[in-house]
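Some notes on the structure that comes next.
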Amino acid sequence: MIRHPSVAVLRSYVDDELTARKRHKVKAHLAECAICRETIRTWRSAAKEIREGPIPVLPPDLLYRIQARAAKGERIILPTAGPGVPPRPPMWTAAAAVIALLLIGSAVLFSTPKLKADTSELRFAPERPRPGQEIRIEYQPSSLLAGETTVKLRGRFRTAADEEFNEFLPTLTVTQLKRDRNGLFRGTFRLPDSAVYGTFAVEDSRGERVDHNRRRFWDILVHERNGRPSWDALNQQRSELAGRNWERALEIAREMVRLHPEHPGSGMVLLAYQSEIPGVASQDSLLRTHRDLFRRSHERLTREPEVSTAEAVSMLFYAMRLGENASTYWRERLIDEHPLDPTAVHMRTWEVVWAHPGDTSAILAGLERLWQEVGPITEDPASQALRMARLRGDGDEIVKWAGRLERVVPDITSAEVWASLLSSTDDHRIRRAALPHLRRAVRLVDAKREQDRPLGRSVEEQRLENEARSGELLAAIGVALIRERQREAGLDTLKLAAERGWNVDVFRQIAEVQTEVRDTANALLMWTRVVAEPGTSKALEDSVRFRIGSGLKEQEWLDLVATARETMRRRVLAGATSRVLRGDIRLADQDGREWGFDQLSLGSPTVVVFWSRYSGPATHELKRLRIIGDALATQGAKIITITADRPSSDLRRFLDEGGYTFPVFYDIRGDAKRVFNQWGTPAYYVLDSDGRVRFEGSSPEAVLRQVTVLTPLQGARGQQGE
Amino acid sequence: MARQYLVGGVLLNPVLGQLSEDLPQGGGPSESSSGASDFLEALYRQHAASVFRVAYRLTGSTADAEDVVQEVFLGLPKALCKYQEQGRLDAWIRKVAARVALTKIRRRDRMGEIPLESVSEPSSERDESPVDRVDIQRALTQMPDTLRSVFVLKELEGYTHAEIGEMLGIRPGASKMRLYRASELLRRLLRDLR
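Line by line, the protein sequences give chains S and L. Position one of the first sequence corresponds to residue 1 (my numbering), numbered consecutively onward. Position one of the second sequence corresponds to residue 1 (my numbering), numbered consecutively onward.
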């Protein structure tokens, strides 16, 4: 077997850094070895390309721009000297390091290896699998699951056709992992042939304790033969992260461009994310670069007799985002070459709607023809037709299209569509059609299907979620039964609905109907729950009191409201955690002053919001933070916002122009992110007055209620604070 | 006789690289500003292309390279005061440009940016040579910045590892190791692209 010189030796040969003797040896080897000759030719070609190869042309107006900036007085200090070479550590330091290493080395050799800081690790082999390949798993647990003998690997697979967010993707038990003598869990599974990406979590056999890797999960991407992740795999990884971690999704979009520059979807996706970053979206250089990339793809692909669906869709959206006229070409080409692609069907749906503005009858006829051709591929024709049917108030059309929509979206979601229809119409045809679907959905929810339990959520957490969902469905059923003159069954169903979760919209719906049928006692209970909800206006409370509680004495009324608040507290706290934040958090305020987090948070309930200027969803919600802050203040609570963005005049301007007056703290050392275990923005946490995290992954809609349950019970509205 | 330019109170002869600070203060604003503009233009016409090549090869991005060119020429009139006539002026300017480009890369990496444009589109007309030019460009852009920087500085400007180390703030030995790694990676990338 031939021994080739190392890369270092070949490189030194090219750079003429070898001794004469070594040079002679390498030369002799090269005379016999085509592989090494090729290696050297590669490097020399690359060097030639760097020195002489074509590069873009400088824009002709660049000098003018420089002169204009100079004329404005702009000055730049150039680095005329480099940072310098770091000094070598003194000999004694190096020796001490060696000695220290020797001292602990023996301990390392003879002790059992432990993971740092109670973390777990999941490893896949191979790390870069091909489609349909068998995967071996090795899982090293943290203390959470270390005591188990068998654990479950649950996962969610994505195909190239799956869309953003994870709502309709089933979660499966992929395999069981069994513990070996070394405390590691092992198992295998085969990647489904159509899967390009998978996300995983590990849990005990009862689903009570879930290791979700600090909400990051673990994932696996299908790779091409050349070892790079496929474009579809990267795109699905990005889709998976939409709504979970925008910043990470943006990084993946960049990776898509880096690894798959030839795919127009890469540039299109990156532009979509960059467009959400304030200040970046309008940069001339950015748009110019994207236009250039788009046009090169356009020139190349217009010469192809056929393009793939992904290419056509990417080019269409890219052109639309850039405002390029070529969007017409790509829409036509997509519809022409891929008429059944979901995006094409979406376009064709809207062509029908726009072709007959205001003429619901013509639109319905056009969508019927489209449906007959494409069938249940995507929800667009059915959802638009349903909208038209509702505008017309046509009960038969509503029933027909709601039934068709059900073939496209999963059972429980379609039941929610039926529930929404019921709340907006009194048409008995719709009621009769809706009831079986709603009952079926309740059965499915109560069946606690594993596939409906999202990754990372425990069985108990899902139970609470199911309770809330079935409450909404039961309320819709109860109301429908009453309208169908099945009063007793309806009232019983409404009582069931009222026992599940805390949903003010459901309580209000139930209260209206109970008032209507003169079930006064139960209606009063429901109305007091509506009144107990934080944020309910005084005007509504007075109206309810007048309408149904006028016979009550003041204290009786206050007692009922207090009871409702206690019910709210109990039910909302059922979903609470109690996590102590371990670790020191130092933050900087806008003036650069450092604060300990405890100084800011202890003493009253606190809502902590993580946000970033580079996260579209986070910046969209900033306006609501102002309103939330004001509402929290009335409860004696406060809001703290934390960003990992660096303080800068840009950021200051962004805050000033947006009118964002809530307190902003900078997580300059990453303490908050680490201690909170926060990943992705926006992220909401609600802390009690002792600084413990009680609600994680909260939302703007829920925080006020969650803060309210953390403060002592109030006897009556108007008495605020602790 | 070579033209001399009045820039910020300093006379500069870019051809001879000579500096003179013994000049009278003042001079009309229009005179000095038009002189400064002429000087900037002269510097630009002479050196912009080579500055751009250095910047482009290091950053891998047209947009970033243009930014580097702008920064260099905005700062050059003042920076020339520090030019000590060791070696050729053009080589000194390119070294300054390389430092600016490296700073840009470091800032870009901190922000997590990856240059969009630093990816060349495959040409429909492929070279017949074994190592295709397009493949080389693509392989170079796929390399991490830390490795590409060393490779480019070595091959484009012929810097020694001591010089590269001084520019990157690393030891010469580390520069050498990075060059080996860059070379190995390049070899592998080009093999995979074929």
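Ideal Cβ positions, reconstructed from N, Cα and C, are used throughout, including at glycine.
A direct Cα-Cα distance of roughly 55 Å separates F52 of chain L from P376 of chain S. In this structure, the alpha-carbon of R439 of chain S lies about 29 Å from that of V374 of chain S. Note on geometry: alpha-carbon atoms of A162 of chain L and L153 of chain L lie some 12 Å from one another. At a cut-off of 9 Å between beta carbons, R11 of chain S contacts chain L.
S205 of chain S sits exposed, since fewer than 16 C-beta atoms from the chains shown fall within 10 Å of its C-beta.
Interface annotation for the region 47-74 of chain S against chain L: A47, E49, I50, R51, G53, I55, P56, L58, P59, L62, L63, R65, I66, Q67, R69, A70, A71, E74, criterion Cβ-Cβ distance under 8 Å. The residue from L:R108, L:V96, L:D132 with its alpha-carbon nearest to that of E157 of chain L is L:V96.
For H260 of chain S and V709 of chain S, the gap between their C-alpha atoms comes out near 50 Å.
For L190 of chain L, the neighbours in chain S by C-beta distance under 7 Å run, in chain order, T42. Straight-line measurement puts the Cα of E262 of chain S at about 21 Å from the Cα of E49 of chain S. The Cβ neighbour count for D341 of chain S, taken over all protein chains shown within 10 Å, is at least 16; the residue is labelled buried. Under the DSSP assignment, G155 of chain S falls in the beta strand (DSSP E) whose first and last residues are 150-159. Look at Q486 of chain S here: in three-state DSSP terms it is coil, with no helix or strand label. Bounds of the beta strand (DSSP E) holding W218 of chain S are 218-221. Neighbourhood of I77 of chain S in chain L, by CB distance below 8 Å: G75, K78, A79, in chain order. When S:F610, S:D690, S:Y660, S:A28 are compared, the shortest CA-CA separation from R674 of chain S is found for S:F610. Under the Cβ distance rule, Q46 of chain L does not count among the residues neighbouring chain S, no pair being separated by less than 9 Å. Of all C-beta pairs linking the region 554-565 of chain S to the region 643-656 of chain S, fewer than three are shorter than 8 Å, placing the two stretches out of contact. Residue range 195-204 is occupied by the beta strand (DSSP E) that includes F200 of chain S. Secondary-structure assignment with DSSP links I135 of chain S through a beta bridge to S:F189. Close partners of R390 of chain S in chain L (Cβ separation under 9 Å) are lacking, with about 44 Å as the shortest Cβ gap. Of all alpha-carbon atoms in S:V607, S:P357, S:A326, S:S458, the one lying nearest the alpha-carbon of F676 of chain S is that of S:V607. Listed along the chain, the chain L residues whose CB falls inside 7 Å of the CB of G227 of chain S are D192. Here the region 652-670 of chain S makes no contact with the region 561-580 of chain S; the two share fewer than three CB pairs at distances below 8 Å. For V150 of chain L, there are no neighbours in chain S by C-beta distance under 8 Å, as the nearest C-beta there is about 11 Å away. Counted as a single uninterrupted DSSP element, the stretch harbouring Q451 of chain S is not any beta strand (DSSP E), since DSSP gives it neither H nor E. Under the three-state reduction of DSSP, R225 of chain S is assigned to coil, being neither helix nor strand. Of the residues assessed, V313 of chain S falls on the buried side of the cut-off, its CB having 16 or more other CB atoms within 10 angstroms.
Excluding the 5 residues flanking it on each side, D426 of chain S has same chain C-beta neighbours closer than 8 Å at R483, in chain order. Of all residues in the region 240-264 of chain S, the ones placed with a Cβ closer than 7 Å to any Cβ belonging to chain L are E251, R254, V257, R258, P261, E262, in chain order. According to DSSP, V210 of chain S shares a beta bridge with S:E203. Fewer than three Cβ pairs drawn from the region 422-436 of chain S and the region 125-140 of chain S lie within less than 8 Å of each other, which leaves the two stretches out of contact.
S601 of chain S and L687 of chain S have their C-alpha atoms some 8 Å from each other. The alpha-carbon separation between L80 of chain L and M167 of chain L amounts to approximately 18 Å.
Residues of chain L whose Cβ lies closer than 7 Å to the Cβ of A8 of chain S are, in chain order, Y180. The region 583-618 of chain S is shown to contain whole alpha helix (DSSP H) runs of 4 or more residues at 597-601, in chain order.
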